[in-house]
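Asks: Sharing a structure below in structure tokens format, with a few things to ask.
Number of protein chains: 2
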Amino acid sequence: MPKSRSRILAAVHQTAAGLRKAGVIDQQTMREFDVLCLDPVKPFDAAQIRRLRTRAKASQAVFAAYLNTSTSTVQKWETGQKRPSGPALKLLNLVAKNGLEVLT
Amino acid sequence: MPKSRSRILAAVHQTAAGLRKAGVIDQQTMREFDVLCLDPVKPFDAAQIRRLRTRAKASQAVFAAYLNTSTSTVQKWETGQKRPSGPALKLLNLVAKNGLEVLT
DNA sequence: TTGTATTATTGCACTAAGTGCTATAGTATA
DNA sequence: TATACTATAGCACTTAGTGCAATAATACAA
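If you're matching them up, the sequences are chains A and B in order.
Those letters in the first sequence? Residues 1 to 104, per the numbering used here, in order.
Those letters in the second sequence? Residues 105 to 208, per the numbering used here, in order.
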């Protein structure tokens with residue numbers, strides 16, 4: 001099972017009891033349901049990350065600044081030496097979906 | 105010097121030559137200048153992270169799902185055992201500015 | 001083509017974040 | 001009180017993140 005989905009399921013499971021109160025949906029229970037609607041976070045391989053960056057016409061240094069990480073890190077993502085962490089992957093998904101500007 | 109600023113400056117420095125072409129501003133050079141306009145990423149301490157989450161009325165598990173990280177990690181952020189990584193901090197800044205919904 | 005600047009790569013060494021798990025303790029509610 | 005739900009604590013481990021310095025590749029101008 002992909003990690004992102006298991007995280008979603010973990011959150012859902014931990015708040016599953018909310019389903020029983022289906023009659024009384026306040027803001028908090030809404031938030032719990034929202035998790036089910038979270039876009040599953042897609043993994044990005046080295047080439048995809050590079051494509052994402054080049055499409056945005058950004059150098060590795062600039063791209064790194066947007067993501068608040070180091071050039072060295074972007075480097076290693078794109079050469080397959082390291083894989084982006086959970087939050088980093090989330091950011092990459094946001095960029096893929098909405099463009100680099102959303103991180104401004 | 106705060107890390108986020110040094111990252112910005114690093115990116116600016118590496119592309120400083122772009123300033124010389126000030127006459128010919130195409131999309132690429134624009135992108136380089138944009139980095140100067142990036143909101144400096146603020147650090148969040150344990151209490152601030154918790155406040156951010158509770159204001160969003162999310163449990164640690166739900167909050168973690170939004171950030172695509174683990175409950176254990178949010179746990180440690182809020183108890184001061186660990187500090188969020190660069191990209192994680194960027195996400196927290198986005199949430200602080202635009203609410204949890206931007207991560208949907 | 002040759003020189004120059006920008007950008008990207010490689011490799012190393014190290015730090016600390018991320019993770020999972022289990023057991024425990026609050027906390028609210030039925 | 002009993003029963004969820006939620007949060008905490010502590011452990012052990014993996015691996016992302018980072019910095020730096022040297023090298024290579026790429027693009028661009030003279």
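Note that CB positions come from ideal geometry on N, CA and C, so glycine has one too.
Threshold first: 3 residues or longer. Then list the beta strand (DSSP E) segments lying entirely within the stretch 128-199 of chain B, N to C.
Replies: The stretch 128-199 of chain B contains no whole beta strand (DSSP E) run of 3 or more residues.
Asks: Under a Cβ-count criterion, where at least 16 other Cβ atoms within 10 Å of its own Cβ denotes burial, should serine 176 (chain B) be classed as buried or exposed?
Replies: When all chains shown are included, serine 176 (chain B) counts as exposed.
Asks: Using a Cβ cut-off of 8 Å (strictly closer), state whether threonine 69 (chain A) contacts chain B.
Replies: By this cut-off, threonine 69 (chain A) is an interface position.
Asks: Taking all protein chains shown into account, decide if arginine 55 (chain A) is buried (16 or more other Cβ within 10 angstroms of its Cβ) or exposed.
Replies: It is exposed - the Cβ of arginine 55 (chain A) has fewer than 16 other Cβ atoms within 10 Å.
Asks: Would the beta-carbon of leucine 100 (chain A) fall within 8 Å of that of lysine 194 (chain B)?
Replies: No.
Asks: Alpha carbon to alpha carbon, what distance is there between arginine 83 (chain A) and proline 88 (chain B)?
Replies: Residue numbering for chain B in the displayed model covers 105 to 208; residue 88 (chain B) lies beyond these limits and cannot be assessed.
Asks: Measuring only the C-alpha atoms, how far is lysine 21 (chain A) from serine 85 (chain A)?
Replies: Note that lysine 21 (chain A) scores 49 on pLDDT, short of 50, meaning its location in the model is unreliable; the coordinates nonetheless yield the value given after this. Approximately 35 Å between the Cα atoms of the pair.
Asks: Going along chain B in order, which residues have a C-beta closer than 7 Å to the C-beta of valine 95 (chain A)?
Replies: What valine 95 (chain A) touches in chain B: nothing, since even the nearest Cβ is about 11 Å away.
Asks: Spell out whether any CB of chain B is found under 8 Å from the CB atom of arginine 5 (chain A).
Replies: No, arginine 5 (chain A) does not count as interfacial toward chain B.
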